[in-house]
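Asker:
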Amino acid sequence: MDKSAFLDLTYGMYLLGSKKDGKPVGCIANTVVQVNHDPAILTLSVNHDNYTCAAIKESGLVAVSILAQGSDMDLVQTFGFKSSRDTDKFAGDREWLFTADDLPVPAEGICGWLECKIIDSIELPSATLFVVEVFEAERLDGRISPMSYAYYQMAMKGGVPAKAPGHTIPAAEGGPKYVCSVCGYVYDESDGPFEFLPQDWKCPQCGAPKNVFVIK
Ligand code: FE
64 MDKSAFLDLT YGMYLLGSKK DGKPVGCIAN TVVQVNHDPA ILTLSVNHDN
114 YTCAAIKESG LVAVSILAQG SDMDLVQTFG FKSSRDTDKF AGDREWLFTA
164 DDLPVPAEGI CGWLECKIID SIELPSATLF VVEVFEAERL DGRISPMSYA
214 YYQMAMKGGV PAKAPGHTIP AAEGGPKYVC SVCGYVYDES DGPFEFLPQD
264 WKCPQCGAPK NVFVIK
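Numbering-wise, the sequence shown is residues 64 to 279 according to our numbering.
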């Protein structure tokens, strides 16, 4: 099987918000798809290990915030790479809106949000597939283009957690490598994951900025 074929599947980027024990919880997901027109039904999957997975099951509710290209990397890193079990993802200065059912929605960096109730679920080997019906939605004024998974990876140089579905071929198995488009230097992870390098990081071989690196 040529696993690189999976790299051409397309996805969006979403923040799933729910609540547990009276507190907001959330995680990043790329697997949200509308599968029925009327009523509006979506499917989305959440890894079993995610605290948010249990919260969605318990509350029966999830708010899908559609991330925009202007969304900041810190939001994706906090909600995509950390766990609500040991991190208060809602600490800090970020502004949040809450739906009528108290589900968290970022006040900025999104195109809009969809509030949904769970109508069915299927247990997959490593994730729960939720079938959800949308009962409230808002599209924000002044929004910019939605963030696709490809934009996140290619333009924002964002990394992918090991347990995320799709696009997860480790570098050791011929997965994506970050290569300087100026001099061809291949980043060797000596300073940690590429996506966590500071914005002013420069190619150690030619001094070109981080944003000229491409994924190969
Ligand atoms: Fe270079």
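The C-beta atom is built at its ideal place from N, Cα and C for all residues, glycine as well.
Please read all numbers here as calculations on a predicted model, not as lab measurements.
Between the stretch 120-134 and the stretch 243-253, are three or more C-beta pairs nearer than 8 Å?
Answerer: With the cut-off at 8 Å, the stretch 120-134 and the stretch 243-253 do not touch.
Asker: Could you check if Ser253 is buried or exposed, using at least 16 other CB atoms within 10 Å of its CB as the buried criterion?
Answerer: Label assigned to Ser253: exposed.
Asker: Among Ile173, Leu166, Thr191, Ser184, which one has its Cα closest to the Cα of Glu199?
Answerer: When each option's Cα is compared against that of Glu199, the closest is Leu166.
Asker: According to the neighbour-count rule (16 or more other Cβ atoms, all chains shown, within 10 Å of its Cβ), is Leu187 buried or exposed?
Answerer: Classification for Leu187: exposed.
Asker: What three-state label does DSSP hand His230 in the structure shown?
Answerer: Legend: pLDDT at His230 = 49, less than 50; position of this residue unreliable, no value from coordinates given.
Asker: Taking C-beta to C-beta, are Gly77 and Val95 nearer than 8 Å?
Answerer: According to the sequence displayed, residue 77 carries Tyr and not Gly. Cβ distance < 8 Å, so Tyr77 and Val95 count as in contact.
Asker: If we ignore side chains and look at the alpha-carbon of each, how far apart do Thr162 and Gly85 end up?
Answerer: Answer to the nearest angstrom: the Cα atoms are 14 Å apart.
Asker: When we look at the beta-carbon of Cys269 and count the other beta-carbons within 10 Å, is it buried (16 or more) or exposed?
Answerer: By the 10 Å Cβ count, Cys269 comes out exposed.
Asker: Relative to the alpha-carbon of Pro267, which residue among Val277, Cys243, Ile278, Lys279 has its alpha-carbon at the smallest distance?
Answerer: Considering only alpha carbons, the answer is Cys243.
Asker: Below 7 Å, is the gap between the Cβ of Leu118 and the nearest heavy atom of ligand 1?
Answerer: Note on residue identity: the sequence assigns Ala, not Leu, to residue 118. Flag unset: Cβ of Ala118 not near ligand 1.
Asker: Confirm the yes/no value for this check: CB of Tyr250, any heavy atom of ligand 1, distance under 7 Å.
Answerer: No; taking the cut-off as 7 Å, the Cβ of Tyr250 has no heavy atom of ligand 1 nearer than that.
Asker: Closer than 7 Å by C-beta to Val277: which residues in its own chain qualify, once you throw out the five before and the five after it? Chain order, please.
Answerer: Same-chain partners within the cutoff: Val242, Ser244.
Asker: Between Lys273 and Met136, what straight-line distance do the alpha-carbon atoms span, to the nearest angstrom?
Answerer: Rounded to whole angstroms, Lys273 to Met136 spans 14 Å at the Cα level.
Asker: List in chain order: all unbroken beta strand (DSSP E) runs of 3+ residues lying wholly within the stretch 79-137.
Answerer: Here the runs fully enclosed are 86-92, 95-99, 104-110, 124-130.
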